[in-house]
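Novice: Under the working numbering, think of the first position of the sequence shown as 405, with each following residue one higher.
Pasting a structure here, questions to come.
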Amino acid sequence: LAAEEMAYGDLSATLAVMTPGLFVVPILLAGTEEQKQQYIPPVIEMEWKPFTAALMEPHFDFDPNELRTTARREGDAYVLEGEKCYVPYAADAEAMIVYANLDGQTQGFIVPRESEGLEVGERMKLLGLNALPLYPLKLNGVRVPAANRLGGDEGHDFETILASSNVALAAMAIGVSRAALDYSMNYAKEREVFGVKVAQKQAIAFMIAEMGTWIEANRLLVWEAAWMLDKGKPEAAKHAYLALTGAMDTTMMVTDRAVQILGGHGYIREHPVEMWMRNGRGFATFRGLAIV
Numbered sequence: 405l406a407a408e409e410m411a412y413g414d415l416s417a418t419l420a421v422m423t424p425g426l427f428v429v430p431i432l433l434a435g436t437e438e439q440k441q442q443y444i445p446p447v448i449e450m451e452w453k454p455f456t457a458a459l460m461e462p463h464f465d466f467d468p469n470e471l472r473t474t475a476r477r478e479g480d481a482y483v484l485e486g487e488k489c490y491v492p493y494a495a496d497a498e499a500m501i502v503y504a505n506l507d508g509q510t511q512g513f514i515v516p517r518e519s520e521g522l523e524v525g526e527r528m529k530l531l532g533l534n535a536l537p538l539y540p541l542k543l544n545g546v547r548v549p550a551a552n553r554l555g556g557d558e559g560h561d562f563e564t565i566l567a568s569s570n571v572a573l574a575a576m577a578i579g580v581s582r583a584a585l586d587y588s589m590n591y592a593k594e595r596e597v598f599g600v601k602v603a604q605k606q607a608i609a610f611m612i613a614e615m616g617t618w619i620e621a622n623r624l625l626v627w628e629a630a631w632m633l634d635k636g637k638p639e640a641a642k643h644a645y646l647a648l649t650g651a652m653d654t655t656m657m658v659t660d661r662a663v664q665i666l667g668g669h670g671y672i673r674e675h676p677v678e679m680w681m682r683n684g685r686g687f688a689t690f691r692g693l694a695i696v
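See below:
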């Protein structure tokens, strides 16, 4: 609910503020007691500090369950090799969780900022989400202590971590969709064309009705997935995936329709609908689902 309401106000700022959650939530869900005691207090201090996570990879066939970034055990350490992209605050983060393929399983490793071999590239130039700095990075034989493996020697269940992220992203997508619907609907009620309110045009009324239907249907999917995760239901991950794909499709449809409803005004920056359309496209990009 918090993610949805914040994204209703501004998605870019929401993602920026909630970026440390990519670091702390997996530790809360799967970290050892030592990891929780060491890494959670700095995240929740009064002074905001960037912590992040690196999952996405710059490959057409990106699959979070079959990563090309690898981890191998060498004595009392793990060595990480690979490339990542769309990493929030990578240049400034105190530490990050890097996900890598360890013997065919996706596992997380806590990597401090000063780690040797961690190379952060230039900030990525995006279509939208200008308040969120995203970077590519390379891992050139980065060594981390074995104790930095998320969950310790036993590792962790990546599916639950991914499902939690999916639900949060889906909630944000619903927030953006609601904002676009409310703005375009109010515009249509006030704007007159040839002496008739835009909202009274049957084609526009049908568009608004369909937008609202999609939002409410997918909002329920998101809530159901969140409930299933909270209760530890075995099919929670599947429902989280369905909720995210549905919410992403809804956002792209609703924001595009919002621009159409405003007509020529939808294309100028005096109205926020063009920003919502650009920002909304980012959901599919971050998860790689637009091409998988």
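All residues carry an ideal CB built from backbone N, CA and C; glycine is no exception.
As the structure is a prediction and not an experimental result, all values here were calculated from the model.
#1: Any idea which residues DSSP pairs residue 548 with across the strands?
#2: Taking 8 angstroms as the cut-off, does the stretch 455-472 touch the stretch 417-433 (at least 3 CB pairs, one atom from each stretch)?
#3: Helix, strand or coil: how does DSSP classify residue 490 here?
#4: In angstroms with no decimal places, state the Cα-to-Cα distance between residue 414 and residue 541.
#5: Cα separation between residue 547 and residue 479?
#6: How many Å lie between residue 686 and residue 446 at the Cα?
#7: List the endpoints of the continuous beta strand (DSSP E) containing residue 523.
#8: Among the candidates 491, 432, 577 and 549, whose CA atom is the shortest distance from the CA of residue 536?
#9: Taking only three categories from DSSP, how would you classify residue 531?
#10: What number of angstroms, rounded off, separates the C-alpha of residue 562 from the C-alpha of residue 510?
#11: Give me the DSSP bridge partner(s) of residue 697.
#12: In terms of alpha-carbon separation, which member of 655, 622 and 462 lies closest to residue 528?
#13: Indicate the three-state DSSP secondary structure (helix, strand or coil) for residue 512 in the structure shown.
#14: For residue 502, write down the residues that DSSP places opposite it in a beta bridge.
#15: Report the residue ranges of all alpha helix (DSSP H) runs contained in full by the stretch 546-626; include only those spanning at least 4 residues, in chain order.
#16: When you compare the CB positions of residue 567 and residue 524, do they come within less than 7 angstroms of one another, or not?
#17: Does the beta-carbon of residue 544, which I'm using as the reference point, lie nearer than 6 angstroms to any heavy atom of the ligand COA?
#18: Can you look up residue 689 in the DSSP assignment and give me helix, strand or coil?
#19: Taking only three categories from DSSP, how would you classify residue 440?
#20: Let me know if residue 602 comes out buried or exposed under the rule of 16 or more other beta-carbons within 10 Å of its beta-carbon.
#21: Since residue 640 contacts residue 622 with CB under 8 angstroms, what's their CB separation in whole angstroms?
#22: In three-state terms, what does DSSP make of residue 430?
#23: Restricting to Cα atoms, I'd like to know which of 521, 505, 449 and 533 is closest to residue 468.
#24: With distances taken Cα to Cα, identify the nearest neighbour of residue 647 among 574, 430 and 688.
#25: Taking the CB atoms as reference points, tell me whether residue 697 and residue 644 lie closer together than 7 angstroms.
#26: Does DSSP put residue 681 in a helix, a strand or coil?
#27: Who are the Cβ neighbours of residue 576 in its own chain at under 7 angstroms, not counting the five residues just before and after it?
#28: Name the residue from 514, 597, 405 and 565 whose alpha carbon lies nearest to the alpha carbon of residue 499.
#29: Answer yes if the stretch 548-557 comes into contact with the stretch 580-593, meaning at least three C-beta pairs across the two stretches below 8 angstroms, and no otherwise.
#30: If you measure between the beta carbons of residue 615 and residue 661, is that distance less than 7 angstroms?
Specialist: Short version:
#1: For this step, residue 548 is matched to residue 144 along the sequence shown. DSSP, once it has assigned bridges, lists 482 as partnering residue 548.
#2: Yes, they touch.
#3: By 1-based counting over the sequence shown, the position of residue 490 is 86. Of the three classes helix, strand and coil, the one that applies to residue 490 here is strand, per DSSP.
#4: In the sequence shown, counting from the first residue as 1, residue 414 sits at position 10. In the sequence shown, counting from the first residue as 1, residue 541 sits at position 137. Cα-Cα distance, rounded: 27 angstroms.
#5: Residue mapping note: residue 547 aligns to position 143 of the sequence shown, counting from 1. Residue mapping note: residue 479 aligns to position 75 of the sequence shown, counting from 1. Between residue 547 and residue 479, the C-alpha separation is close to 11 angstroms.
#6: Start at 1 with the first residue of the sequence shown, and residue 686 comes out as number 282. Start at 1 with the first residue of the sequence shown, and residue 446 comes out as number 42. Roughly 29 angstroms between the two C-alpha positions.
#7: Indexing the sequence shown from 1 puts residue 523 at position 119. It spans 522-524 - the beta strand (DSSP E) in which residue 523 sits, taken as one unbroken run.
#8: Counted from its first residue, the sequence shown places residue 536 at position 132. Of 491, 432, 577 and 549, the residue nearest in Cα terms is 491.
#9: Here residue 531 is taken as the residue at index 127 of the sequence shown, counted from 1. Three-state result, residue 531: coil.
#10: As a working note, residue 562 is residue 158 in the sequence shown. As a working note, residue 510 is residue 106 in the sequence shown. Roughly 6 angstroms separates the two Cα atoms.
#11: Because the chain is modelled from 405 through 696, residue 697 falls outside the range shown and cannot be assessed.
#12: For the purposes of this step, residue 528 is identified with residue 124 of the sequence shown, where counting begins at 1. Measuring from the Cα of residue 528, the nearest candidate turns out to be 462.
#13: Start at 1 with the first residue of the sequence shown, and residue 512 comes out as number 108. DSSP places residue 512 within a strand segment (E or B) once states are collapsed to three.
#14: One-based indexing of the sequence shown puts residue 502 at position 98. Beta-bridge pairing links residue 502 to 458 and 513.
#15: 562-594
#16: By one-based count along the sequence shown, residue 567 stands at place 163. By one-based count along the sequence shown, residue 524 stands at place 120. For residue 567 and residue 524, no; Cβs fall outside 7 angstroms.
#17: Here there are no bound small molecules, and the ligand COA is not part of this structure.
#18: For the purposes of this step, residue 689 is taken as the residue at position 285 of the sequence shown. Three-state result, residue 689: helix.
#19: As a working mapping, residue 440 is identified with position 36 in the sequence shown. In this structure, residue 440 counts as helix in the three-state DSSP scheme.
#20: For the purposes of this step, residue 602 is taken as residue 198 along the sequence shown, with counting starting at 1. Per the 10 Å Cβ criterion, buried.
#21: Taking the first residue of the sequence shown as position 1, residue 640 is located at position 236. Taking the first residue of the sequence shown as position 1, residue 622 is located at position 218. Rounded, the Cβ-Cβ distance is 17 angstroms, inconsistent with contact.
#22: Position 26 of the sequence shown, counted from the first residue, corresponds to residue 430. Note: residue 430 maps to helix in three-state DSSP.
#23: As a position in the sequence shown, residue 468 is number 64, starting the count at 1. With distances taken between Cα atoms, residue 468 lies closest to 505.
#24: The sequence position of residue 647 within the sequence shown is 243, counting from 1. Checked all of 574, 430 and 688; the closest Cα to residue 647 is 574.
#25: No information on residue 697 is available, as it lies outside the stretch 405 to 696 that the chain covers here.
#26: Start at 1 with the first residue of the sequence shown, and residue 681 comes out as number 277. Three-state result, residue 681: helix.
#27: As a working mapping, residue 576 is identified with position 172 in the sequence shown. The residues are 407, 408, 411, 415 and 418.
#28: To locate residue 499, count along the sequence shown from 1; it is residue 95. Of the listed residues, the one whose Cα sits closest to residue 499 is 514.
#29: no
#30: Numbered from 1 along the sequence shown, position 211 holds the residue referred to as residue 615. Numbered from 1 along the sequence shown, position 257 holds the residue referred to as residue 661. Contact check for residue 615 against residue 661 passes: the beta carbons are separated by less than 7 angstroms.
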